[in-house]
Amino acid sequence: MSAITPSVSPLEKLRSLRSLTGPRRILLHTLLIGVALVMLYPLLWMLSSSLKPDTEIFTHPGLIPNKLHPRNYSEGWSGSGNSFSLYITNSLIVTIGAVIGNVISCSLAAYAFARFEFRGKKIWFGLMLGTIMLPVQAVLIPQYTIFYNLTWINTFLPLIVPKFLATDAFFIFLMVQFIRSIPRELDQAAMMDGANPLQIYWKIILPLMKPALVTTTIFTFVWTYDDFLHQLVYLQQNARFTVPLGLTLFLDKTSGSSYGAMFAMSALALAPTLICFFVFQKRLVEGLATTGMKG
Amino acid sequence: MTTAKTDGAAGEGPAAPASPAGPRERARLRRRAARRRGGGWWPYAFLAPWFVGLFGLTIYPMLDSLYLSFTDFDLLTPARWIGGQNYTHMFSDDPVFWDSVHATLLYVLVSVPLKLALALGVAILLNRPLKGIGVYRAAFYLPSLLGGAVAIAIVWRQVFGGDGLFNDFLGWFGVKGQDWISSPDTSIYTLILLAVWQFGTPMVIFLAGLKQLPRDVYEAAAIDGAGTLTRFFRITLPLLTPIVFFNLVLQVIDGFKTFTPAYVVSNGTGGPLNSTMLYSLYLYKKGFTDLQMGYASALAWVLFLVIAGFTAVNFVASRYWVHYDD
Chain A
1 MSAITPSVSP LEKLRSLRSL TGPRRILLHT LLIGVALVML YPLLWMLSSS LKPDTEIFTH
61 PGLIPNKLHP RNYSEGWSGS GNSFSLYITN SLIVTIGAVI GNVISCSLAA YAFARFEFRG
121 KKIWFGLMLG TIMLPVQAVL IPQYTIFYNL TWINTFLPLI VPKFLATDAF FIFLMVQFIR
181 SIPRELDQAA MMDGANPLQI YWKIILPLMK PALVTTTIFT FVWTYDDFLH QLVYLQQNAR
241 FTVPLGLTLF LDKTSGSSYG AMFAMSALAL APTLICFFVF QKRLVEGLAT TGMKG
Chain B
1 MTTAKTDGAA GEGPAAPASP AGPRERARLR RRAARRRGGG WWPYAFLAPW FVGLFGLTIY
61 PMLDSLYLSF TDFDLLTPAR WIGGQNYTHM FSDDPVFWDS VHATLLYVLV SVPLKLALAL
121 GVAILLNRPL KGIGVYRAAF YLPSLLGGAV AIAIVWRQVF GGDGLFNDFL GWFGVKGQDW
181 ISSPDTSIYT LILLAVWQFG TPMVIFLAGL KQLPRDVYEA AAIDGAGTLT RFFRITLPLL
241 TPIVFFNLVL QVIDGFKTFT PAYVVSNGTG GPLNSTMLYS LYLYKKGFTD LQMGYASALA
301 WVLFLVIAGF TAVNFVASRY WVHYDD
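Taken in sequence, the protein lines are chains A and B.
For the first sequence, the UniProt record's numbering begins at 1 and goes up steadily by one.
For the second sequence, the UniProt record's numbering begins at 1 and goes up steadily by one.
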């Protein structure tokens, strides 16, 4: 049908539909900028509030502080029971452990699913997909009792060890899709040269799937860092608290006097995610579009 | 190298002449290749960590929580079998359970359609050759990435507080605000707004779908003189239904699991008057604050069945409105 070139005028019409001109283009930009401002305003407000003295936060609603008040940051940093540096260290231990675990265990499983035929593969694969939809709440309590019996409560182990067991099946799925796009001929050539599957995985597949590994790293980092529920359940001692738990301490004691410090620490808590976002922005959004990722 | 399964290996002896590959030869070669891909125990070795996780941290816990849901269990003393009491108590005389069901259904049923509509609308606006499209996409996606963070929930609490940002905004129009967080009529809507604010993920997925729509259909429609609305309802929307469906399923599941904002905004109480007692928050309180782990397990199983039910209904209903080409 498209082989027959249609007369010129409808095509021109279509082109004029797609690339807007003049006032319609300006209208569209205005609309989009408006939406973008609404989207980003709460973040800007938090940032500006973190730089205002407490007395000014609610009486002086403008975005630009009358005068900068960076003391909020130093006060917040040492503010809630422990120094914030402890919470950040704890968060880093948890997130880095989780990233390493997910990258190793999920890539191993994905390689098996993408490259081997074995009995019951379809059933196992289906089960794996099913676990993506399983709500964490459904297994939270038995998992808690398992870790309780192992005396792992108040350690970082319940937050890290499951990642080494490929429980984030979503990433297995993502990597399977990626490995399928790597030509099998590469594996076969290596096999002819006498490489075993472990060597093929390590020397061929893993280096070639770097984009998928980067996506996994970013999202594991962000989601683990923000995974409030599990941290709340497993970490009960102040000295083990992570950044999100440290932040909630501010809520308990806000007597109306430490809003500035609270906003300052909230802004700091978002910093790792924001840095991640701005560095990998393009890859994040593209990767999301092609794989259809959850929020 | 690969010690493939050796059953039936008699046929593939050394006498496999490569010369005139007849159909039987080829079939045999294909079988051999398949067996090599099988790789004997190799796939199981690669899957070993996942198997441990699947059985140890998913299947066993699922069954265990099913068992626990029929017990009285406080973690410290052994679980005591009480039959279906947890379930009958839940449905017949636990008003807080019904409060949480009410809050959660309201939350899911209002936030998901709004979120998807906004995501689709903005995606269509962005599906034009436009300067700075990358910046827009980033700006719209950013809140989704930050969404689960406690910091955002804290900000939300302040934005909708008595002297927060939202009331300042209303003030410009001469509307006198109120404390939206501490009023039981409006508190849940602040959480809904937070969810809608995070429309970036479905938006990006819609955008990817829009890019794949066949141009020739639009060309044909243009020739027929179809207007913007006609094109949207007759072409774009029907062709996009698989992606609408995909986003719908994901967002509904996500909505039922929401925990962090409800916890933070209400300071862990689910108040005022249980109006923000999302189901996950109630489950957490029962299990980890009141140490009623048997009851919480029953709640968990109900949640699991409800999510599975909603997903199944979505799949069945999709037959009537989702169009797959060919």
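Backbone N, C-alpha and C fix where the C-beta goes; we use that ideal spot for every residue, glycine too.
Status (buried if at least 16 other CB within 10 Å, exposed otherwise) for residue i
i: valine 204 (chain B); result: buried
i: tyrosine 320 (chain B); result: exposed
i: valine 108 (chain B); result: buried
i: isoleucine 205 (chain A); result: buried
i: aspartate 290 (chain B); result: exposed
i: valine 135 (chain B); result: exposed
i: valine 316 (chain B); result: exposed
i: serine 2 (chain A); result: Caution applies to serine 2 (chain A), whose pLDDT of 42 falls short of 50 and renders its modelled position unreliable; the value that the coordinates give is listed next. That one is exposed.
i: alanine 262 (chain B); result: buried
i: alanine 180 (chain B); result: The sequence shown places tryptophan at residue 180 (chain B), rather than the alanine named in the question. Buried, by the Cβ-count rule.
i: valine 143 (chain A); result: Checking the sequence, you will find glutamine at residue 143 (chain A) rather than valine. It is buried - the Cβ of glutamine 143 (chain A) has at least 16 other Cβ atoms within 10 Å.
i: leucine 247 (chain A); result: buried
i: serine 74 (chain A); result: exposed
i: lysine 286 (chain B); result: buried
i: glutamine 231 (chain A); result: buried
Backbone CA spacing between residue i and residue j [nearest angstrom]
i: residue 327 (chain B); j: phenylalanine 147 (chain A); result: With chain B running from 1 to 326 in the structure shown, residue 327 (chain B) is simply not present.
i: phenylalanine 310 (chain B); j: serine 111 (chain B); result: 15 Å
i: serine 92 (chain B); j: isoleucine 123 (chain A); result: 39 Å
i: residue 410 (chain B); j: phenylalanine 58 (chain A); result: Not covered by the structure: residue 410 (chain B). The range shown for chain B is 1 to 326.
i: glutamine 236 (chain A); j: valine 243 (chain A); result: 13 Å
i: threonine 71 (chain B); j: arginine 137 (chain B); result: 50 Å
i: alanine 4 (chain B); j: tryptophan 42 (chain B); result: Bear in mind that a pLDDT of 42 at alanine 4 (chain B), under 50, signals an unreliable position, so the model cannot answer this.
i: serine 266 (chain B); j: alanine 79 (chain B); result: 32 Å
i: phenylalanine 173 (chain A); j: leucine 54 (chain B); result: 15 Å
i: glycine 76 (chain A); j: alanine 208 (chain B); result: 42 Å
i: asparagine 90 (chain A); j: methionine 191 (chain A); result: 44 Å
i: tyrosine 259 (chain A); j: threonine 276 (chain B); result: 23 Å
i: glutamate 56 (chain A); j: glycine 132 (chain B); result: 35 Å
i: isoleucine 153 (chain A); j: aspartate 74 (chain B); result: 16 Å
i: tyrosine 225 (chain A); j: leucine 157 (chain A); result: 15 Å
i: lysine 294 (chain A); j: threonine 201 (chain B); result: Only weak support exists for where lysine 294 (chain A) lies, its pLDDT of 45 falling under 50; the value from the coordinates is given anyway. Going by the C-alpha atoms only, they are around 7 Å apart.
i: arginine 180 (chain A); j: isoleucine 200 (chain A); result: 14 Å
i: leucine 270 (chain A); j: alanine 149 (chain B); result: 8 Å
i: valine 159 (chain B); j: glutamine 198 (chain B); result: 16 Å
i: isoleucine 93 (chain A); j: glutamate 219 (chain B); result: 55 Å
i: alanine 195 (chain A); j: asparagine 102 (chain A); result: 25 Å
i: residue 310 (chain A); j: methionine 209 (chain A); result: For chain A, the structure presents residues 1 to 295; residue 310 (chain A) sits outside this window and is missing.
i: leucine 198 (chain A); j: phenylalanine 140 (chain B); result: 42 Å
i: tyrosine 111 (chain A); j: histidine 69 (chain A); result: 53 Å
i: leucine 159 (chain A); j: aspartate 168 (chain A); result: 12 Å
i: isoleucine 275 (chain A); j: phenylalanine 221 (chain A); result: 12 Å
i: proline 143 (chain B); j: phenylalanine 256 (chain B); result: 19 Å
i: valine 249 (chain B); j: phenylalanine 304 (chain B); result: 14 Å
i: aspartate 193 (chain A); j: glutamate 25 (chain B); result: 24 Å
i: residue 298 (chain A); j: alanine 212 (chain A); result: Residue 298 (chain A) lies beyond the residue range present for chain A, which begins at 1 and ends at 295; the question has no answer from this structure.
Residue i: CB within 7 Å of a non-hydrogen atom of the ligand SAH
i: glutamine 292 (chain B); result: With respect to small molecules bound, the structure shown includes none, and the ligand SAH cannot be examined in it.
Boundaries (first-last residue) of the alpha helix (DSSP H) holding residue i
i: lysine 121 (chain A); result: 121-133
i: glycine 171 (chain B); result: 165-172
i: glutamine 188 (chain A); result: 184-192
i: proline 23 (chain A); result: 22-49
i: glycine 76 (chain A); result: 71-79
i: tryptophan 156 (chain B); result: 150-159
i: isoleucine 218 (chain A); result: 210-225
i: tryptophan 98 (chain B); result: 95-126
i: alanine 166 (chain A); result: Neither: alanine 166 (chain A) is in no alpha helix (DSSP H) and is coded neither H nor E.
i: glycine 62 (chain A); result: Glycine 62 (chain A) -> no alpha helix (DSSP H), and no H or E assigned at all.
i: leucine 314 (chain B); result: The sequence shown places asparagine at residue 314 (chain B), not leucine. Per DSSP, asparagine 314 (chain B) belongs to the alpha helix (DSSP H) from 293-321.
i: valine 217 (chain B); result: 215-223
i: isoleucine 146 (chain A); result: 137-149
Residue i - partner residues in DSSP beta bridges
i: aspartate 72 (chain B); result: B:Arg80
Please identify, using Cβ separations under 9 Å, the residues of the stretch 254-268 of chain B that lie next to chain A, in order along the chain. Asp254, Phe256, Lys257, Phe259, Thr260, Tyr263, Val264, Asn267, Gly268
Any C-beta of chain A within less than 8 Å: which residues of the stretch 90-103 of chain B qualify? none
If the cut-off is 7 Å on Cβ atoms, which residues from the stretch 155-188 of chain B count as contacting chain A, listed in chain order? Val155, Val159, Asp163, Leu165, Asp168
Relative to chain A, which residues along the stretch 140-153 of chain B have a C-beta separation below 8 Å, given in chain order? Phe140, Tyr141, Leu142, Pro143, Ser144, Leu145, Leu146, Gly147, Gly148, Ala149, Val150, Ala151, Ile152
Which residues of the stretch 191-215 of chain A have a Cβ closer than 9 Å to any Cβ of chain B? Give them in chain order. Met191, Gly194, Ala195, Asn196, Pro197, Leu198, Tyr201
Check distances from the C-beta atoms of the stretch 56-89 of chain B to those of chain A and list, in chain order, the residues that come in under 8 Å. Gly56, Leu57, Thr58, Tyr60, Pro61, Met62, Asp64, Ser65, Leu68, Leu75
Near-chain B residues of the stretch 37-48 of chain A - C-beta to any C-beta below 7 Å: Met39, Leu40, Pro42, Trp45, Met46
Using Cβ-Cβ distances below 8 Å, what residues of the stretch 128-161 of chain A are close to chain B? Met128, Thr131, Met133, Leu134, Pro135, Val136, Gln137, Ala138, Val139, Leu140, Ile141, Pro142, Gln143, Tyr144, Thr145, Ile146, Tyr148
Contact set between the stretch 79-113 of chain A and chain B, restricted to residues whose Cβ is under 7 Å from the partner: Ser105, Leu108, Ala109, Tyr111, Ala112
So if I threshold CB-CB distances at 7 Å, which residues from the stretch 237-271 of chain A count as touching chain B? Pro244, Leu247, Thr248, Leu251, Met262, Ser266, Ala269, Leu270
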